[in-house]
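Trainee: Just so you know, the sequence shown maps onto residues -20 to -1, 1 to 129 in mature numbering (1 follows the signal peptide of the UniProt record, and there is no 0). Beta carbons: idealized from backbone N, C-alpha and C, even for Gly.
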Amino acid sequence: MKKLTLLIAIVLFTMAGAVAQIYNPVKWSVASKKLNDKEAVVFIRATIDKGWHIYGLNVPDGGPIATSFAFTPTKDYSLNGKVAAPAPQTKFEKAFDMNVTYYAKEVTFQQKVKLNKGQTTVKGIVEFMACDAERCLPPEEYAFNVTIK
C-alpha cells in the first residue's frame, strides 16, 4: 500500500511539473560603440519570441507597464539625452481599453553617454512587460552591464 501511494505521488508531481510552464519570451543583449574619446552609445536589444510583444517607452496611465530604463549613476560617465528607440507599432488592446504602443520580434534601444574617463562600465536595469494574445506576464527586470573601452 505504501508503494502504491508513493507511486501515485510521484506520478502526480511529474504531471504537475509537465503542465507548469515558465515563459521567457524576451531575450536581452547589450553592446556598445565608442564614437570618440568623449562619447559612446549603449545598445540594448530585445529579441522577442513569435506571438509576443513588449510595450513602448510611453504608455498612457491605466495601461500596461511601459518599457523603462534605469542607469546606475557614476562619475565615469553621464547620460547624453534620453533612451532612443525606433517608432513602435500601435494597436487597440481590449484588456486595457486603449491604444498602446509595442514592439514585436526585436527592438534595439540606444542610450548615448558622455565619457569622463577613457574606459568605463555602464550598468542599468530595464523593466518590461511581455504579453501575447492570451496572457500578460508580470513585469520583469533585466540587469545589464557593458564595458566601453
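Going by Cα to Cα distance, which pick from Gln91, Leu95, Glu114 and Lys74 is closest to Pro66?
Mentor: Cα-wise, what sits closest to Pro66 is Gln91.
Trainee: Please name the residue or residues paired with Met78 in a DSSP beta bridge.
Mentor: BP columns for Met78 point to Glu73.
Trainee: Quick check on this structure: which residue in Ile105, Tyr82 and Val102 has the alpha carbon closest to the alpha carbon of Pro40?
Mentor: Among Ile105, Tyr82 and Val102, the Cα nearest to that of Pro40 belongs to Tyr82.
Trainee: Go through its chain and collect everything with a Cβ distance to Thr100's Cβ below 6 Å, but skip five positions before and after it.
Mentor: So the qualifying residues of the chain are Asp56, Tyr57 and Ile128.
Trainee: Taking only runs that begin and end inside the region 31 to 76, name each unbroken beta strand (DSSP E) of 3 or more residues, in chain order.
Mentor: For the region 31 to 76, whole beta strand (DSSP E) runs of length 3 or above, ordered along the chain, are 33 to 35, 48 to 51, 57 to 59 and 69 to 73.
Trainee: Compute the Euclidean distance between the alpha carbons of Pro118 and Thr54, then round it to the nearest angstrom.
Mentor: Computed Cα separation, rounded: 30 Å.
Trainee: Taking the alpha-carbon of Val93 as reference, which of Leu59, Cys116, Ala113 and Lys71 has the nearest alpha-carbon?
Mentor: If we check each option's Cα against that of Val93, Leu59 comes out closest.
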